[in-house]
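Student: Here's a structure for you.
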Amino acid sequence: MTDPIDYDVVAEYYDLYTRADYDYAFFLERVGPGIRVLELTAGTGRLSVALAKAGAILTCVDISKGMLARLERKLEKEGLRADVLCADARRLALDESFDTAILPFQSFMEFVGRDAQLDVLRSAYRAIVPGGRFYCTMHNPNVRRKSVDGVLRGVGTFEHDGGYVVVTGFEVGGDPVVRRSQFIEHFDASGHLGKRIHQPMAFELIDEGAFRDLAAEAGFRIVTVYGDYTPGEFDSESSPVMIWELEKPEP
Ligand SMILES: C[S@@+](CC[C@H](N)C(=O)[O-])C[C@H]1O[C@@H](n2cnc3c(N)ncnc32)[C@H](O)[C@@H]1O
Numbered sequence: 000m001t002d003p004i005d006y007d008v009v010a011e012y013y014d015l016y017t018r019a020d021y022d023y024a025f026f027l028e029r030v031g032p033g034i035r036v037l038e039l040t041a042g043t044g045r046l047s048v049a050l051a052k053a054g055a056i057l058t059c060v061d062i063s064k065g066m067l068a069r070l071e072r073k074l075e076k077e078g079l080r081a082d083v084l085c086a087d088a089r090r091l092a093l094d095e096s097f098d099t100a101i102l103p104f105q106s107f108m109e110f111v112g113r114d115a116q117l118d119v120l121r122s123a124y125r126a127i128v129p130g131g132r133f134y135c136t137m138h139n140p141n142v143r144r145k146s147v148d149g150v151l152r153g154v155g156t157f158e159h160d161g162g163y164v165v166v167t168g169f170e171v172g173g174d175p176v177v178r179r180s181q182f183i184e185h186f187d188a189s190g191h192l193g194k195r196i197h198q199p200m201a202f203e204l205i206d207e208g209a210f211r212d213l214a215a216e217a218g219f220r221i222v223t224v225y226g227d228y229t230p231g232e233f234d235s236e237s238s239p240v241m242i243w244e245l246e247k248p249e250p
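So, in structure tokens, the structure goes:
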């Protein structure tokens, strides 16, 4: 089984370079007050805080202690509540106590290999009630593959701790596993390099048909697949993402 990407090494910097909110409205429309939600791969709580503010009864799961420590700090600062669980999403033994499960930010792709993917789907399946939904997100492989070209690209430069942090990365492979090397360089105010982190990442470009088979094998009924967060219809040639709405059928 492939080791998960190590996010502890970047937890201090993650929120600097990850400020996306394009998926908030999508999830807030589906996760209202009083809904029991299991969020897999919650990280530092980019989305979780918005869901908790909206009144969701939230359980956040992530394998990185460093990422979850940041999430807990944010919840405390905002006076919000959520259960925070440091665990491997592939091996969760939570029983039917959630109305909805979500796996946001296209992070399903970080589960490399059929066995790992099936394990995560089964974890979500076990955890939700019959009739409950699982929103599982990933990039559209046909579109995402185009930026896997070995070219070093900048993610951005961010002021931090009296200096600045530069984030870059390049990606190779893609058949189906992409290897991304991400670099985080922390300079002081006079431009001297202090810390340099290399975060090796592996993620899989998951084919639409392969995911359909996996979801069915885990016991889910596919309700729909959206191609963006507006949410628009999925087009295999042009949609940026695949947002799968899965249902655990009633017995
Ligand atoms: C790209 S980050 C996304 C974090 C957050 N959902 C967001 O939207 O910013 C992916 C997260 O998946 C977590 N992760 C990776 N493998 C995992 C596993 N096997 N079990 C639980 N969490 C995992 C990482 O620790 C990391 O926090």
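Reminder that position 202 of the sequence shown reads as 201 in numbering that gives the first Met the number 0, one-by-one numbering, no gaps.
All C-beta atoms in this analysis are idealised placements derived from N, C-alpha and C, irrespective of residue type, glycine included.
If we count Cβ pairs, one from each stretch, closer than 8 Å, do we get three or more for the stretch 220-237 versus the stretch 108-118?
Tutor: No, the stretch 220-237 is not in contact with the stretch 108-118.
Student: In the stretch 146-231, which residue ranges form an unbroken alpha helix (DSSP H) of at least 4 residues, counting only runs that do not cross its ends?
Tutor: Listed in chain order, the complete alpha helix (DSSP H) runs (minimum 4 residues) inside the stretch 146-231 are 207-216.
Student: Quick one: any contact between the stretch 7-27 and the stretch 59-71, if contact means 3 or more CB pairs under 8 Å?
Tutor: Flag = yes, the stretch 7-27 and the stretch 59-71 touch.
Student: If I'm right that Thr43 touches Tyr13 with Cβ under 8 Å, what's the distance once you round it to whole angstroms?
Tutor: Right, the Cβ-Cβ distance comes to about 5 Å (below 8 Å), so this counts as a contact.
Student: If distances are taken between C-alpha atoms only, which option among Ala123, Ile56, Tyr21 and Ala88 comes closest to Ala214?
Tutor: Selected option, being the one with the closest Cα: Ala123.
Student: Under three-state DSSP, which class holds Arg45?
Tutor: Correct three-state label for Arg45: coil.
Student: Are at least three pairs of beta-carbons, each pair with one atom in the stretch 84-101 and one in the stretch 196-205, less than 8 Å apart?
Tutor: Flag = no, the stretch 84-101 and the stretch 196-205 do not touch.
Student: Could you say which of Val30, His197 and Leu70 lies nearest to Ala296 if we only look at CA atoms?
Tutor: Coverage of the chain is limited to positions 0 through 250, which leaves residue 296 absent and any answer about it impossible.
Student: If you draw a straight line from the C-alpha of Ser238 to the C-alpha of Asn139, how long is it?
Tutor: If you take the alpha carbons of Ser238 and Asn139, they lie about 7 Å apart.
Student: What does Phe133 pair with, by DSSP beta-bridge criteria?
Tutor: In the DSSP output, where bridge partners are listed per residue, Phe133 has Ala100 and Leu245.
Student: So for Glu28, helix, strand or coil by DSSP?
Tutor: Helix at Glu28.
Student: Strictly by DSSP, which residues pair up with Leu84?
Tutor: BP columns for Leu84 point to Val60.
Student: Relative to the C-alpha of Arg190, which candidate in Val150, Leu27, Ile127 and Glu158 has its C-alpha closest?
Tutor: It is Gly, not Arg, that sits at residue 190 in the sequence shown. It is Glu158.
Student: Within this structure, are the beta carbons of Ala126 and Leu37 separated by less than 8 Å?
Tutor: Going by C-beta atoms, Ala126 is nearer than 8 Å to Leu37.
Student: Could you tell me whether any non-hydrogen atom of ligand 1 is closer than 7 Å to the CB of Glu203?
Tutor: No; taking the cut-off as 7 Å, the Cβ of Glu203 has no heavy atom of ligand 1 nearer than that.
Student: Please report how far the alpha carbon of Phe133 lies from the alpha carbon of Leu192, in whole angstroms.
Tutor: Approximately 44 Å, taken between the alpha carbons.
Student: How far does the alpha helix (DSSP H) with Glu11 in it extend, from its first residue to its last?
Tutor: Ala10 to Tyr16 is the span of the alpha helix (DSSP H), which, as asked, contains Glu11.
Student: Alpha helix (DSSP H) containing Arg113: first to last residue?
Tutor: Arg113 to Ala126 is the span of the alpha helix (DSSP H), which, as asked, contains Arg113.
Student: Just how far apart, CA to CA, sit Pro230 and Arg18?
Tutor: The alpha-carbon atoms of Pro230 and Arg18 are separated by roughly 20 Å.
Student: Can you find the residues in the same chain that come closer than 6 Å, C-beta to C-beta, to Asp82, ignoring five residues on each side of it along the sequence?
Tutor: Cβ neighbours of Asp82 beyond the five flanking positions: Thr58.
Student: So, for Ile242: in the same chain, excluding its five sequence neighbours on each side, which residues have a beta-carbon less than 6 Å away from its beta-carbon?
Tutor: Only Thr136 and Tyr225 meet the Cβ criterion.
Student: What are the boundary residues of the beta strand (DSSP E) that Arg89 is part of?
Tutor: Careful: Arg89 lies outside any beta strand (DSSP E) and carries neither H nor E.
Student: Alpha carbon to alpha carbon, how far is Gln181 from Arg195? Give it in angstroms, no decimals.
Tutor: The straight-line gap from Cα to Cα measures roughly 10 Å.
Student: Could you round the C-beta distance between Ala49 and Leu27 to whole angstroms and report it? I think they count as a contact, below 8 Å.
Tutor: At roughly 7 Å, the Cβ-Cβ gap stays under 8 Å, so Ala49 and Leu27 are in contact.
Student: May I ask whether a heavy atom of ligand 1 can be found less than 7 Å away from the beta carbon of Thr40?
Tutor: Yes, ligand 1 has a heavy atom inside 7 Å of this Cβ.
Student: DSSP three-state call for Glu38: helix, strand or coil?
Tutor: Strand at Glu38.
Student: CB Ala217 to CB Arg121, shorter than 8 Å?
Tutor: Cβ distance < 8 Å, so Ala217 and Arg121 count as in contact.
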